[in-house]
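Per the working numbering, the very first residue in the sequence shown carries number 482; after that it's consecutive. We put the CB at the ideal spot given by N, CA and C, even for glycine.
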Amino acid sequence: MTVSDGAVATASINGDFFLEPDEALQDINHSLLGLDLNAPHGTIAETVRAAVGPETVMFGFDPAAVATAVRRALGHATTWEDHEWEILVPQPLPITTQVALDQILTEDVAAGRRRPALRLWQWTEPAVVIGSFQSLANEVDPEGVERHGITVARRISGGGAMFMEADNCVTYSLYLPQSLVDGMSFADSYPFLDAWAMDALARTGVEAFYQPLNDIATPEGKIGGAAQKRLASGGLLHHVTMSYDIDADKMTEVLRIGREKIRDKGIRSAKKRVDPLRRQTGLTRPEIWETMMSTFTDRYGASRTHLTEDEISRAEALATAKFTTPAWTARVP
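#1: Please report the straight-line C-alpha distance between glutamate 734 and glutamate 624, rounded to a whole angstrom.
#2: Would you say arginine 552 and aspartate 663 are within 9 Å of each other, going by their C-beta atoms?
#3: Should glutamate 620 go down as buried or exposed, given a rule of 16 or more other Cβ atoms within 10 Å for buried?
#4: Give a yes or no on contact between the segment 700-711 and the segment 800-808, applying the rule of three or more CB pairs nearer than 8 Å.
#5: Could you give the C-beta distance for glycine 593 and phenylalanine 614, rounded to a whole number, given that I count them as a contact under 8 Å?
#6: Using 8 Å as the threshold, is the segment 680-688 in touch with the segment 575-582, meaning 3 or more CB pairs across them?
#7: Out of Ser660, Leu617, Glu627, point me to the one whose CA is closest to glycine 641's CA.
#8: Tell me, to the nearest whole angstrom, how far the beta carbon of proline 571 is from that of threonine 605; I am working on the premise that it is less than 8 Å.
#9: Rank Ser493, Asp622, Pro502 by C-alpha distance to the C-alpha of isoleucine 738 and give the top, closest one.
#10: Taking 6 Å as the limit between beta carbons, can you name the residues of its chain near proline 521, skipping five residues before and five after?
#11: In angstroms with no decimal places, state the Cα-to-Cα distance between leucine 518 and leucine 555.
#12: Check whether the Cβ atoms of leucine 599 and serine 670 lie closer than 9 Å to each other.
#13: Since aspartate 583 is in the alpha helix (DSSP H), which residue starts that stretch and which ends it?
#14: Measuring straight from C-alpha to C-alpha, what distance separates asparagine 510 and glycine 523?
#15: Please list, in chain order, all residues of the same chain as valine 515 whose beta carbon is under 7 Å from its beta carbon, the five residues on each side excluded.
#16: Indicate the three-state DSSP secondary structure (helix, strand or coil) for histidine 719 in the structure shown.
#17: Return helix, strand or coil for proline 573, following the three-state DSSP convention.
#18: Please go through the same chain and pick out, in chain order, the residues whose beta-carbon is closer than 6 Å to the beta-carbon of alanine 707, but skip the five residues on each side of it.
#19: DSSP three-state label for glycine 523, please.
#20: Would serine 724 and leucine 758 be called neighbours here (beta carbons separated by less than 9 Å)?
#21: Examine chain C for any beta-carbon lying closer than 9 Å to the beta-carbon of proline 757, and answer yes or no.
#22: Give me the Cβ distance between isoleucine 727 and asparagine 649, rounded to the nearest whole Å; I'm assuming they're in contact under 8 Å.
#23: Is the beta carbon of histidine 660 less than 9 Å from the beta carbon of alanine 783?
#24: Can you list, in chain order, the residues of its chain with a C-beta nearer than 7 Å to that of glutamate 567? Leave out the 5 residues immediately preceding and following it.
#25: Contact defined as beta carbons within less than 8 Å: I believe isoleucine 631 pairs with alanine 608. What is the distance between those atoms, to the nearest angstrom?
#26: In angstroms, rounded to a whole number, what distance separates the CA positions of methionine 773 and glutamate 501?
#27: Assuming glycine 716 contacts proline 658 under a Cβ cut-off of 8 Å, what Cβ separation, rounded to an integer in Å, is found between them?
#28: What would DSSP say about glycine 705, mapped onto helix, strand or coil?
In structure tokens, the structure reads:
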């Protein structure tokens, strides 16, 4: 492609595909001329679709694939290999600092202040983390929270509530530019961003798969869920929590929804339902962390590092100003 005055001036699409009739290739190329350099994925796909018409048969590609190629050529869409990845190893920090880090690091990636990264969480107190759009009153029992000394925090990503004692979950966040999922639907982006994690779980002997939209499951049932937050600045937070070894009795006293989910089930079967990673793998949580970090490195060439003092300091300040306040935690979405 060449560009001029903020628009596509010339374009030539080529690749490993088949097209009937052959002449439709020129229609595709011509349809791209004059496109604004910032045209969104959907606009490009519709332009190509209109140019080829319903009589054209495309084998091995489609208008959306052409749009992805165009966006990539213009620098708007990227692949895993286009980025230098880091792994932020587990560091014990309060849960409110953990949720603040998700905002800080996503903003930093969007602004180009740091490399895209995988971060494994390690927190220091029993907690409940609710999704950005959940009602605190609907999800959490205040008496159970008080009785068990639970810290309640609200994260910036959506999804459901999770009971998270210090060693009972495997939680990680990905911080990346939205260019990596350019053109993907939300439904497609979830399994795409967690393909490496499915590989890591397979290495531990867990047969995991995605259930739309954002549940991670095994043949024995759900083990976790994912959530996302996409910033207007172009950063994307992808957050996953998977059960490792949860106290089902305590969970049902703290989470209202926990009671509904295991109502009419014996507590023995409930415990089986919520602690699959410990039970299915026989591994410690650090051993699972190590498998995950090694898998991510094998796939994407990531380097391991630690949070900087500046990142932690800024997260602690944001936790004080926002994530520890009732105005945020108890807000009505």
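Walking through what the data contain:
#1: In a straight line, the C-alpha of glutamate 734 is about 8 Å away from that of glutamate 624.
#2: In contact: arginine 552 and aspartate 663 (Cβ atoms closer than 9 Å).
#3: That one is buried.
#4: They do not touch, by the three-pair rule.
#5: Wrong, their Cβ atoms sit about 29 Å apart, outside the cutoff.
#6: By the criterion of at least three beta-carbon pairs nearer than 8 Å, the segment 680-688 is not in contact with the segment 575-582.
#7: Comparing Cα-Cα distances from glycine 641 to each of Ser660, Leu617, Glu627, the minimum goes to Leu617.
#8: About 11 Å separates the two Cβ atoms, so there is no contact after all.
#9: Cα-wise, what sits closest to isoleucine 738 is Asp622.
#10: Cβ neighbours of proline 521 within its own chain (closer than 6 Å, five residues either side excluded): none.
#11: Roughly 7 Å separates the two Cα atoms.
#12: Contact: no.
#13: Element bounds for aspartate 583: 576-592.
#14: So the alpha carbons of these two residues sit roughly 17 Å apart.
#15: Correcting the residue type first, residue 515 is glycine in the shown sequence and not valine. Once the five neighbours on either side are set aside, the close Cβ partners of glycine 515 are Ala488, Val489.
#16: Reduced to three states, the DSSP call for histidine 719 is strand.
#17: The answer is strand: DSSP assigns proline 573 an E or B state.
#18: Result list for alanine 707: Tyr671, Asn695, Val721, in chain order.
#19: In this structure, glycine 523 counts as helix in the three-state DSSP scheme.
#20: One thing to note: serine 724 has its Cβ within 9 Å of the Cβ of leucine 758.
#21: The structure shown contains no chain C, having only a single protein chain.
#22: Contact annotation, isoleucine 727 with asparagine 649: C-beta distance approximately 5 Å; criterion of less than 8 Å satisfied.
#23: It is worth fixing the name first, because residue 660 is serine in this sequence and not histidine. No, they are not a contact pair.
#24: Answer for glutamate 567: Arg596, Ala598, Ala783, Ser784, Thr786, listed in chain order.
#25: Sure, about 6 Å apart at Cβ, within 8 Å.
#26: Just so you know, the alpha carbons of methionine 773 and glutamate 501 end up roughly 44 Å apart.
#27: So it is a contact: roughly 7 Å between Cβ atoms.
#28: In the three-state reduction of the DSSP assignment, glycine 705 falls in the strand class, which pools E and B.
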